[in-house]
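A.B. asks:
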């Protein structure tokens, strides 16, 4: 088996976000993998733009250098968005990898979870739109939410996530396509509620001791604890932008007023 330092993907998560992907990441890490997840994007400089480039490559039919994405960090597994959108390309690049399709009990359960967590969080982040002269100070923040929108809300759901019936079609079509594309021997359809047994059997890994529970993290309550902080941050950023724009407008007005007074004084002296 490849070591962590090899950076060869051994496990590809094809499940959408909010299907227990953070619990799956925690479980894979406990089994010895180094697992990429949306949370890893922030700790890898340049990855927001790299994922946006991957989305454009996908649309244009161009290849993406996945080893440049995962190799430097030594990742041997990836789950969650953004990588779940690219499971076909990843499987082509790592044909020996196993694919885990994480799912919820039903579409409705998943949709309600997303609608009360990552979707409003993303919409809050997208509201921060600094003017060009302030953009460099907000680039990390705005770049992340632009990537999330390009890969997920616009790129996957065509800007129509709030249309529940359309979102259902996308969700169910994705699951059906994963099952169609991935060879059965390389695919596990998995719910975190199933625990260790099916995951370990599929991956050929020894199951942790009976007193080690399967991790269950980042449920809706956990996520929403941080949602308020993210919303407050967005409001703070927007207040800074408004105050900065007001200060700039005042400075420009003062400058124009001073210029007018200087010109008037000059004209009087000339007259």
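In my numbering, the protein residues as written are -8 to 262. Every residue, glycine too, gets a C-beta built ideally from N, C-alpha and C.
(1) What is the rounded straight-line gap between the Cα of residue 191 and the Cα of residue 116?
(2) Which term fits residue 97, buried or exposed, when burial requires 16 or more other beta carbons within 10 angstroms of its beta carbon?
(3) To which residues does DSSP link residue 328 through a beta bridge?
(4) Could you tell me the boundaries of the beta strand (DSSP E) in which residue 143 lies?
(5) Only counting the same chain, and skipping five residues up and downstream in sequence, which positions put a Cβ closer than 6 Å to that of residue 146?
(6) Below 7 Å CB to CB, which residues in the same chain sit around residue 139 once its five sequence neighbours on both sides are set aside?
(7) Keeping to the same chain, check which residues put their C-beta closer than 6 Å to that of residue 90; ignore five residues upstream and five downstream.
(8) Residues in the same chain with beta-carbon distance under 6 Å from residue 95, minus the five sequence neighbours each way, listed in chain order, please.
(9) From which residue to which residue does the beta strand (DSSP E) around residue 173 run?
(10) Taking Cβ to Cβ, would you say residue 68 is nearer than 8 Å to residue 27?
(11) Can you list, in chain order, the residues of its chain whose CB lies under 6 Å from that of residue 169, leaving out five sequence neighbours each side?
(12) Restricting to Cα atoms, I'd like to know which of 35, 50, 7, 206 is closest to residue 135.
(13) Short of 8 Å in beta carbon distance, which residues of its chain neighbour residue 150, apart from the five on each side in sequence? Order them along the chain.
(14) Given residue 71, which residues of its chain have a CB within under 6 Å of its CB, disregarding the five upstream and five downstream residues?
(15) Out of 21, 38, 199, 182, which one is the CA nearest neighbour of residue 142?
(16) Are the beta-carbon atoms of residue 60 and residue 199 separated by less than 8 Å?
(17) Can you name the residues that DSSP bridges to residue 2?
(18) Helix, strand or coil: how does DSSP classify residue 32 here?
(19) Is it right to say residue 203 is buried, meaning 16 or more other beta carbons lie within 10 angstroms of its own, or is it exposed?
(20) Return the first residue and the last residue of the beta strand (DSSP E) that residue 180 is part of.
(21) Return helix, strand or coil for residue 163, following the three-state DSSP convention.
(22) Does residue 112 come out as helix, strand or coil in the three-state DSSP assignment?
(23) What number of angstroms, rounded off, separates the C-alpha of residue 84 from the C-alpha of residue 57?
(24) Quick check on the burial criterion: 16 or more other C-beta atoms within 10 angstroms. Buried or exposed for residue 188?
(25) Would you call residue 86 buried or exposed, if buried means 16 or more other Cβ atoms sit within 10 Å of its Cβ?
(26) From residue 118 to residue 137, what distance separates their C-alpha atoms?
C.D. replies: Looking at the coordinates:
(1) Within the chain shown, residue 191 is the residue found at index 200, counting from 1. Within the chain shown, residue 116 is the residue found at index 125, counting from 1. Their Cα atoms are separated by approximately 37 Å.
(2) Locating residue 97 in the chain shown gives position 106, counting from the first residue. Exposed, since its Cβ has fewer than 16 Cβ neighbours within 10 Å.
(3) Coverage of the chain is limited to positions -8 through 262, which leaves residue 328 absent and any answer about it impossible.
(4) Walking along the chain shown from the start, residue 143 turns up at place 152. Run containing residue 143: none; DSSP gives neither H nor E here.
(5) Position 155 of the chain shown, counting from 1, holds the residue named residue 146. Around residue 146: 46.
(6) As a first step, residue 139 is located in the chain shown; it is residue number 148 there, counting from the start. Result list for residue 139: 113, in chain order.
(7) Along the chain shown, one-based indexing puts residue 90 at 99. The answer, listed in chain order, is 3, 5, 173, 177, 178.
(8) Stepping through the chain shown from its first residue, residue 95 is reached at position 104. 10, 101.
(9) As a first step, residue 173 must be located in the chain shown, where it is residue number 182. Element bounds for residue 173: n/a, residue is neither H nor E.
(10) The sequence position of residue 68 within the chain shown is 77, counting from 1. The sequence position of residue 27 within the chain shown is 36, counting from 1. The answer is yes: Cβ separation under 8 Å.
(11) Position 178 of the chain shown holds residue 169. For residue 169, where only same-chain residues beyond five positions count, the Cβ hits under 6 Å are 5, 92.
(12) Working through the chain shown from its first residue, we reach residue 135 at position 144. Minimum Cα distance to residue 135 is reached at 35.
(13) Within the chain shown, the letter at position 159 stands for residue 150. Excluding sequence neighbours, residue 150 sits near 144.
(14) Within the chain shown, residue 71 is the residue found at index 80, counting from 1. Answer for residue 71: 8, 12, 28, 29, listed in chain order.
(15) Position 151 of the chain shown, counted from the start, is the residue given in the question as residue 142. Nearest option by C-alpha distance: 38.
(16) For the purposes of this step, residue 60 is taken as residue 69 along the chain shown, with counting starting at 1. For the purposes of this step, residue 199 is taken as residue 208 along the chain shown, with counting starting at 1. Cβ atoms of residue 60 and residue 199: not closer than 8 Å.
(17) The residue given as residue 2 occupies position 11 in the chain shown. In the DSSP output, where bridge partners are listed per residue, residue 2 has 68, 89.
(18) If you number the chain shown from 1, residue 32 lands on position 41. Note: residue 32 maps to helix in three-state DSSP.
(19) Indexing the chain shown from 1 puts residue 203 at position 212. Classification for residue 203: exposed.
(20) Start at 1 with the first residue of the chain shown, and residue 180 comes out as number 189. 178 to 181 is the span of the beta strand (DSSP E), which, as asked, contains residue 180.
(21) Taking the chain shown and counting its residues from 1, the one referred to as residue 163 is at position 172. Secondary structure at residue 163: helix, using DSSP grouped into helix, strand and coil.
(22) Position 121 of the chain shown, counted from the first residue, corresponds to residue 112. Three-state result, residue 112: helix.
(23) Counting from 1 along the chain shown, the entry for residue 84 is found at position 93. Counting from 1 along the chain shown, the entry for residue 57 is found at position 66. If I take the Cα positions, the gap works out to 7 Å.
(24) Taking the chain shown and counting its residues from 1, one reaches residue 188 at position 197. Exposed, since its Cβ has fewer than 16 Cβ neighbours within 10 Å.
(25) Position 95 of the chain shown, counted from the first residue, corresponds to residue 86. Exposed.
(26) Within the chain shown, residue 118 is the residue found at index 127, counting from 1. Within the chain shown, residue 137 is the residue found at index 146, counting from 1. Whole-angstrom Cα-Cα distance: 11 Å.
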